[in-house]
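Enquirer: Top line first, the protein sequences correspond to chains A and B. Going letter by letter, the first sequence gives residues 0 to 478 in numbering that gives the first Met the number 0. Going letter by letter, the second sequence gives residues 0 to 94 in numbering that gives the first Met the number 0. The beta-carbon is built from N, C-alpha and C at its ideal position, and this holds for glycine as well. Keep in mind it's a predicted model, so treat the numbers as computed, not measured. I'd like to ask you about the structure that follows.
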Amino acid sequence: MTSNWEPVVGIEVHVQLATRSKIFSTTSVEFGAAPNVRANLIDLAMPGALPVLNEEAVTMAVKFGLAINAEIAETCVFDRKNYFYPDLPKGYQISQFDSPIVGRGQLAVLLEDGSVREIGITRAHLEEDAGKSVHDRFAESTGIDLNRAGTPLLEIVTEPDMRSAAEAAACFRQIHSLVSWLDICDGNLAEGSMRCDANVSVRKVGDETFGERTEIKNINSFRFVERALNYEIERQIDVLERGGEIVRETRQYDADRDVTLSMRSKELSDDYRYFPDPDLLPLRLSSTFLETVRSTMPELPEQKLERFVSDYTLAPPVAVRLTRDHNIATFYESTVELGADPQQSANWLLGEVAAALNREERDYSDVPVSPKQLADLIARIQDKTLSSSLAKEVFERIWSSDDPVDEIIERRGLRQLSDVEELRALIQRIIEEHPDQVEQVRGGATKVLGYLIGQVMKASQGKADPRQVNELLKGMLNI
Amino acid sequence: MDDLTIQRLMSLSQLSLDAEDKDKISRDLDAIIGFIEIMNKVDTEGVEPLAHAVDLDQPLREDRADLDIDRGLFQSIAPETADGFYLVPKVLDRR
Numbered sequence: 000m001t002s003n004w005e006p007v008v009g010i011e012v013h014v015q016l017a018t019r020s021k022i023f024s025t026t027s028v029e030f031g032a033a034p035n036v037r038a039n040l041i042d043l044a045m046p047g048a049l050p051v052l053n054e055e056a057v058t059m060a061v062k063f064g065l066a067i068n069a070e071i072a073e074t075c076v077f078d079r080k081n082y083f084y085p086d087l088p089k090g091y092q093i094s095q096f097d098s099p100i101v102g103r104g105q106l107a108v109l110l111e112d113g114s115v116r117e118i119g120i121t122r123a124h125l126e127e128d129a130g131k132s133v134h135d136r137f138a139e140s141t142g143i144d145l146n147r148a149g150t151p152l153l154e155i156v157t158e159p160d161m162r163s164a165a166e167a168a169a170c171f172r173q174i175h176s177l178v179s180w181l182d183i184c185d186g187n188l189a190e191g192s193m194r195c196d197a198n199v200s201v202r203k204v205g206d207e208t209f210g211e212r213t214e215i216k217n218i219n220s221f222r223f224v225e226r227a228l229n230y231e232i233e234r235q236i237d238v239l240e241r242g243g244e245i246v247r248e249t250r251q252y253d254a255d256r257d258v259t260l261s262m263r264s265k266e267l268s269d270d271y272r273y274f275p276d277p278d279l280l281p282l283r284l285s286s287t288f289l290e291t292v293r294s295t296m297p298e299l300p301e302q303k304l305e306r307f308v309s310d311y312t313l314a315p316p317v318a319v320r321l322t323r324d325h326n327i328a329t330f331y332e333s334t335v336e337l338g339a340d341p342q343q344s345a346n347w348l349l350g351e352v353a354a355a356l357n358r359e360e361r362d363y364s365d366v367p368v369s370p371k372q373l374a375d376l377i378a379r380i381q382d383k384t385l386s387s388s389l390a391k392e393v394f395e396r397i398w399s400s401d402d403p404v405d406e407i408i409e410r411r412g413l414r415q416l417s418d419v420e421e422l423r424a425l426i427q428r429i430i431e432e433h434p435d436q437v438e439q440v441r442g443g444a445t446k447v448l449g450y451l452i453g454q455v456m457k458a459s460q461g462k463a464d465p466r467q468v469n470e471l472l473k474g475m476l477n478i
Numbered sequence: 000m001d002d003l004t005i006q007r008l009m010s011l012s013q014l015s016l017d018a019e020d021k022d023k024i025s026r027d028l029d030a031i032i033g034f035i036e037i038m039n040k041v042d043t044e045g046v047e048p049l050a051h052a053v054d055l056d057q058p059l060r061e062d063r064a065d066l067d068i069d070r071g072l073f074q075s076i077a078p079e080t081a082d083g084f085y086l087v088p089k090v091l092d093r094r
């Protein structure tokens, strides 16, 4: 059914900036405080209280702009977006309308298949968040918590450049990875630090113009972005194939039922009556300010990627995976700087470490092993103290303890059994204990050889090197 | 000022007006718009729009957080509070 239809998707991502205080007041933005203990005169919109712009929020927005090669506005303006709702105490949200701080830029989005797609960023602007309404706690009233009111947000708007739900999810993920990398957002989706709205329409393949679109609001996970869009794309195609029309509207994703539901029609388009906020002066960014921000920019993912490929001779796909996230890149570099082999370090980080993190539903910000432990482990594999199976055992131990690798090896007696005489004696014992099997091996049953190697490994408590056992055993049996 | 425009303004400002008030408001708004029309006649050709009447730049504040907020003081002047929340008449989320 979907074969001759093409989805067109653009997203808007609200990023909560990781400042200490709110965008226009000195109130702390710390998460999880009791209701309204993080709401001062300005956040409560007391008459006469005036906003003063937080320099760090401006710096963070500029960092994002520089990272996507965008034009940074020399002068930008804050506007009032007017609407009435109890958790918006002023009756307007301070936002930016037609002069955003960050203009057009480009974002390289890494897709599932490892390919990279350039997505246009239309703009990014600064604004304040609203408070929270609690509808189900009080029988006769709605409770208002203004702790979140005035929290700095950067709203990032993309061009309608994506052609599938998976691409849109990948773009959201890439923005998440970039703002975490730049350290301008804590990236905590569960606490609402990032929220995604998606605009979606479908058209016949080859059509030049876009179809009518709908907007899905407030999606807070990568998986839900993909699922909500897949549902909505199918729904729109279904409506059009039945000869119906798409109504321009805002929809909400219901994750429990995996459907999108109409919230309100946009026939009467929203009228927010934007106008410049007279309480705030135009923001002019001097070249000195921009240069100062530029000088504090971290090495960006693409730059790191190129360096990993040239300095550590990693294959580009491996370097891509290592620079996908700031935590993994930092962990990798720390491990290599401690002298660990670059290729082995990459293998371990993307192999055993990734698998263990996955098993425990943790991420690279939360690796219980230290770079030092991993570097030591790799060193012990390279100097042949540990076989690969022993290394895995040591890895399991450092996963759950801070003990140094060498101490674990000594204490547990995990050193590889590589003394040939000792190993020969062990093999001799196994040969003597298994006359029938030895007979079969001599008769050409190669499978049984594996059995005997297994017995030797078991007797050595996993400390022998299976390859070495194989060679010695064959020699001793004259086969 | 036609009735549809008044209806729309009432909806945007979340006010409900009876017929008499609507009449009065409609006349007031006509007068205000008439005044704006006078300003609209001023020749602004070649004049750059201003975002602010004062020709100054926005000062910036250092990002320092204040944890010392007296919620009780603020809530003492609120019409109704419970468990730290400000209470308002029950609303449905329309955003």
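DSSP puts Y252 (chain A) in a beta bridge; with which residues?
Expert: In DSSP, Y252 (chain A) forms a bridge with A:T259.
Enquirer: Does any C-beta atom of chain B lie closer than 7 Å to the C-beta of S294 (chain A)?
Expert: No, S294 (chain A) lies away from the interface with chain B (no Cβ there is under 7 Å from its Cβ).
Enquirer: Does the beta-carbon distance from T18 (chain A) to E55 (chain A) come in below 7 Å?
Expert: Cβ distance < 7 Å, so T18 (chain A) and E55 (chain A) count as in contact.
Enquirer: Going by the beta-carbon positions, is the gap between F70 (chain B) and N229 (chain A) smaller than 7 Å?
Expert: The displayed chain sequence assigns Arg, not Phe, to residue 70 (chain B). Cβ distance not < 7 Å, so R70 (chain B) and N229 (chain A) don't count as in contact.
Enquirer: I'd like to know if E5 (chain A) contacts chain B, where contact means its C-beta is closer than 7 Å to some C-beta of that chain.
Expert: False, the Cβ-Cβ gap to chain B never drops below 7 Å.
Enquirer: My assumption, with CB atoms under 8 Å, is that L125 (chain A) sits in contact with I155 (chain A). Please give the rounded CB distance.
Expert: Not really, about 11 Å apart at Cβ, beyond 8 Å.
Enquirer: Any C-beta of chain A sitting closer than 7 Å to the C-beta of D29 (chain B)?
Expert: Cβ-Cβ to chain A under 7 Å: no for D29 (chain B).
Enquirer: How far does the beta strand (DSSP E) with S313 (chain A) in it reach, from first residue to last?
Expert: Per the sequence shown, the amino acid found at residue 313 (chain A) is Leu instead of Ser. Segment: none, L313 (chain A) is in no beta strand (DSSP E) and carries neither H nor E.
Enquirer: Report the start-end ranges of each alpha helix (DSSP H) in the region 7-92 of chain B that is 4 residues or longer and not cut off at the edges.
Expert: Entirely contained in the region 7-92 of chain B, the alpha helix (DSSP H) runs reaching 4 residues are, in chain order, 18-39 and 70-74.
Enquirer: Examine chain A for any beta-carbon lying closer than 7 Å to the beta-carbon of F34 (chain B), and answer yes or no.
Expert: No, its Cβ sits nowhere closer than 7 Å to a Cβ of chain A.
Enquirer: Where do the N-terminal and C-terminal ends of the beta strand (DSSP E) with I218 (chain A) fall, by residue?
Expert: First-last of the beta strand (DSSP E) with I218 (chain A): T213 to I218.
Enquirer: May I ask you to report which of helix, strand or coil DSSP gives G329 (chain A)?
Expert: Per the sequence shown, the amino acid found at residue 329 (chain A) is Thr instead of Gly. T329 (chain A) falls in the helix class under three-state DSSP.
Enquirer: Is it buried or exposed for K80 (chain A), if we count other Cβ within 10 angstroms and need 16 for buried?
Expert: By the neighbour-count rule (16 or more Cβ atoms within 10 Å), K80 (chain A) is buried.
Enquirer: Could you tell me how far apart the beta carbons of I426 (chain A) and L472 (chain A) are, in whole angstroms, since I believe they sit closer than 8 Å?
Expert: The pair is a contact, with the Cβ atoms about 6 Å apart (cut-off 8 Å).
Enquirer: Near V7 (chain A), what residues of its chain come up, given a Cβ to Cβ distance below 8 Å and the 5 sequence neighbours on each side ignored?
Expert: So the list reads P159, M161, R162, V199, S200, V201, R202, F209, G210 and R212, once near-sequence residues are dropped.
Enquirer: If the criterion is Cβ atoms closer than 7 Å, does the pair W398 (chain A) and V419 (chain A) meet it?
Expert: Contact flag unset, no.
Enquirer: Which parts of the region 60-111 of chain A are runs of the beta strand (DSSP E), unbroken and 3 residues or longer, counting only runs that do not cross its ends?
Expert: List check, beta strand (DSSP E) in window: 78-81, 91-94 and 104-109.
Enquirer: With distances taken from CA atoms, which of A:A69, A:N39, A:C75 and A:Y252 is nearest H51 (chain B)?
Expert: The shortest Cα separation from H51 (chain B) among A:A69, A:N39, A:C75 and A:Y252 belongs to A:C75.
Enquirer: Following the continuous beta strand (DSSP E) through D144 (chain A), name the residue where it begins and the one where it ends.
Expert: Element bounds for D144 (chain A): S140 to D144.
Enquirer: Y109 (chain A) and V115 (chain A): beta carbons closer than 7 Å?
Expert: Residue identity check: residue 109 (chain A) is Leu in the sequence provided, not Tyr. A contact, by the Cβ cut-off of 7 Å.
Enquirer: Do the region 39-58 of chain B and the region 272-290 of chain A make contact, defined as three or more Cβ pairs closer than 8 Å?
Expert: Because the criterion of three Cβ pairs below 8 Å is met, the region 39-58 of chain B and the region 272-290 of chain A touch.
Enquirer: Near F96 (chain A), what residues of its chain come up, given a Cβ to Cβ distance below 6 Å and the 5 sequence neighbours on each side ignored?
Expert: Excluding positions up to five away in sequence, the list reads D78 and Y273.
Enquirer: Would you kindly work out how many angstroms separate the C-alpha atoms of R414 (chain A) and L389 (chain A), rounded to a whole number?
Expert: Rounded to the nearest angstrom, the two C-alpha atoms are 8 Å apart.
Enquirer: Cβ closer than 7 Å: which chain A residues qualify as neighbours of E61 (chain B)?
Expert: E54, listed in chain order.
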